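Novice:
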Amino acid sequence: MPEVRLGVPTIVGSMRLPRRIGMQPALELLLTGERIDAARAAEIGLAGRVVPRSELLTEARRLADRLCAGAPLAVRAVKEMAYRGQTLPWTDAVRMGETMRRVVGATEDAAEGRAAAAERRPPQWRGR
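Quick note, in the numbering used here, the sequence shown goes up one by one and the last residue is 357.
See below:
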């Protein structure tokens, strides 16, 4: 089977790609229109990891299992802060992060996480 190659639509990609991978590799991809292989995509930060095609589904399921093991409200808050924190001024990002930490820390899931750790058992998340 042929190996995976990636390309970037120039107009759509030009809006977000430089912020994602940096100006130099973004302009190289956008201005040349060349396709890159998975190894180059990982090298410039466009792909998180590269695995053989035969291991792709197994590796994707492993990652999904790890992601789903976290407390859903905390995971949602972290994801929200990761995205918003990129565009907010530093002080606003810190304030929002502290607010999110307090809100999530007051949930039933937070109490469950503390109890599960104390009892040395897996937590039972409820999303509350």
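Just so it is clear, CB atoms sit at the ideal spot from N, CA and C, and this is done for glycine as well. In this text, all values refer to a predicted model and were calculated from it rather than measured experimentally.
Can you name, in chain order, every residue of its own chain whose Cβ lies under 6 angstroms from the Cβ of LEU275, other than the five neighbours on each side?
Specialist: As a working mapping, residue 275 is identified with position 46 in the sequence shown. Excluding residues within five positions, the ones whose Cβ falls inside 6 angstroms are ILE250.
Novice: Cβ atoms of GLU337 and ARG357: under 7 angstroms apart, would you say?
Specialist: Taking the first residue of the sequence shown as 1, we reach residue 357 at position 128. Taking the first residue of the sequence shown as 1, we reach residue 337 at position 108. The answer is yes: Cβ separation under 7 angstroms.
Novice: Using only CA atoms, which one of ALA339, ALA346, ALA271 lies nearest to PRO301?
Specialist: Taking the first residue of the sequence shown as position 1, residue 301 is located at position 72. Taking only the C-alpha atoms, the option nearest PRO301 is ALA339.
Novice: Between ILE273 and GLN315, what straight-line distance do the alpha-carbon atoms span, to the nearest angstrom?
Specialist: Counting from 1 along the sequence shown, the entry for residue 273 is found at position 44. Counting from 1 along the sequence shown, the entry for residue 315 is found at position 86. Their backbone Cα atoms lie some 19 angstroms apart in a straight line.
Novice: For the candidate residues TYR312, LEU285, PRO318, ALA303, whose alpha-carbon lies nearest to that of ARG355?
Specialist: Position 126 of the sequence shown, counted from the start, is the residue given in the question as residue 355. Among TYR312, LEU285, PRO318, ALA303, the Cα nearest to that of ARG355 is on ALA303.
Novice: Restricting to Cα atoms, I'd like to know which of VAL279, LEU260, MET252 is closest to VAL233.
Specialist: As a first step, residue 233 is located in the sequence shown; it is residue number 4 there, counting from the start. The option with the nearest alpha carbon to VAL233 is VAL279.
Novice: Starting from ALA267, trace the alpha helix (DSSP H) both ways and give me its first and last residue.
Specialist: Start at 1 with the first residue of the sequence shown, and residue 267 comes out as number 38. Looking at the DSSP string, the run of the alpha helix (DSSP H) that includes ALA267 is 267 to 272.
Novice: Going by the DSSP bridge assignment, what does LEU235 pair with across the sheet?
Specialist: Numbered from its first residue, the sequence shown carries residue 235 at position 6. ILE265.
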